Amino acid sequence: METTNQVKKYNSIVLIPTDFSDVCGNAISHGVKLAKFLGYKVCILHIINKETKAELKKKNVAVDYVDYRLKEYKKYYEKKYKVEIDTLAVEGNIFSTISKVAKDIKANLMVMGTHGKTGFQHVFGSYALKVVVESPVPVVVVQKRAFKQGYNNIVFPVSNDLEPRQAVHWAKLMAKLFNAKIHIFLSQEKETGRKTSLNIITKQITDVFSAENVSYCIQTAETDRSFAEYIISYSVINQADLIMIMTRPNIDVPGFSLAAWDERLMFNDAQIPVMGINPVELGYQYYEWSMLA
6 METTNQVKKY NSIVLIPTDF SDVCGNAISH GVKLAKFLGY KVCILHIINK
56 ETKAELKKKN VAVDYVDYRL KEYKKYYEKK YKVEIDTLAV EGNIFSTISK
106 VAKDIKANLM VMGTHGKTGF QHVFGSYALK VVVESPVPVV VVQKRAFKQG
156 YNNIVFPVSN DLEPRQAVHW AKLMAKLFNA KIHIFLSQEK ETGRKTSLNI
206 ITKQITDVFS AENVSYCIQT AETDRSFAEY IISYSVINQA DLIMIMTRPN
256 IDVPGFSLAA WDERLMFNDA QIPVMGINPV ELGYQYYEWS MLA
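Positions in the sequence shown are counted from 1; adding 5 to them yields my numbering.
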């Protein structure tokens, strides 16, 4: 259970980076609506880098144009959704600066737009992967799909590669917030030891959901398809609104990484939002996997 001191470290903020593209506009809409459900504030962030400066030069406008655009977002969304919004323009590198801002403002959550893994984009494409693994807070990656009525069906992949139990806190929160059903999706294990380990992990997770009266079901992947492919197919059939994934601590160097199947989930063609969670506590590595609630 989170202690009072831990809770005080956060400021109930959803951080939303933007490059002023349409897909980032959708991320802002998504993030503001989510913040309204959570009762959080919003901080809309633009990182001023060489791409920004090149675009400003192309438009023949000064750097204060960035503040103007951010204030337009603030005015529109505060009026429409009655959510408190701050804006921030910071010069720096998108990878390190977004993470630093998240730490500095003590954000609880980030919502970020992506165009996918192809095309020209300086934050929102394959680079989104690096933003996710550098983030001290969970990141909801969205494409062009609208927020609609929240997260009613949440797919929660569980494999033997990593114990995703730290994600249980967010799964419980979202399930209670939206009266959602959690679809626990298990990898297929043939080796007895790995199967036993996966069963133990699954029971620990379901014990928490049962104690919290969270609705859930369990599905196991088939052996003749890739884990990511089966998760995406299952998510589409069951009209999932969110897929939750955990990153993996690196062994050789500090930090975290995503498995290949995680990347496929993040850029899924169905454009289902994906929440990526690093095993961290406000930027500090956090490996106490036994803390479930």
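For every residue, glycine included, the Cβ atom is placed at its ideal position computed from N, Cα and C.
Nothing here was measured: the structure is a model prediction, and the numbers come from that model.
Anticipated Cβ contact below 8 Å, P162 with I282, distance rounded: Between I282 and P162 the Cβ distance is about 12 Å, and since that is not below 8 Å, they are no contact.
D109, buried or exposed, once every other Cβ within 10 Å from all chains shown has been counted against 16: exposed
T211 to A180 span [Cα, whole Å]: 13 Å
Helix, strand or coil at D24 according to DSSP, with G and I counted as helix: coil
C-alpha gap between R199 and A32, whole angstroms: 38 Å
Three-state secondary structure assigned by DSSP to N218: coil
Alpha carbon of G118 to alpha carbon of R150, nearest angstrom: 10 Å
Coil, strand or helix - P259 by DSSP: Below a pLDDT of 50, predicted positions are generally treated as unreliable, and P259, at 43, falls in that range; no measurement from the model is reported.
Cβ pair count under 8 Å reaching 3, the segment 141–161 against the segment 86–98: no
CB contact flag (H35, V147, <7 Å): yes
Exposure of Y73, with buried meaning 16 or more beta-carbon neighbours within 10 Å: exposed
For K46, the nearest candidate out of P143, C222, K63, S17 (CA to CA): S17
Span of the alpha helix (DSSP H) around V116: Unbroken run through V116 is the beta strand (DSSP E), 114–118; no alpha helix (DSSP H).
Distance, N65 Cα to S220 Cα: 54 Å
Contact the segment 42–60 vs the segment 14–28: 3+ CB pairs below 8 Å: yes
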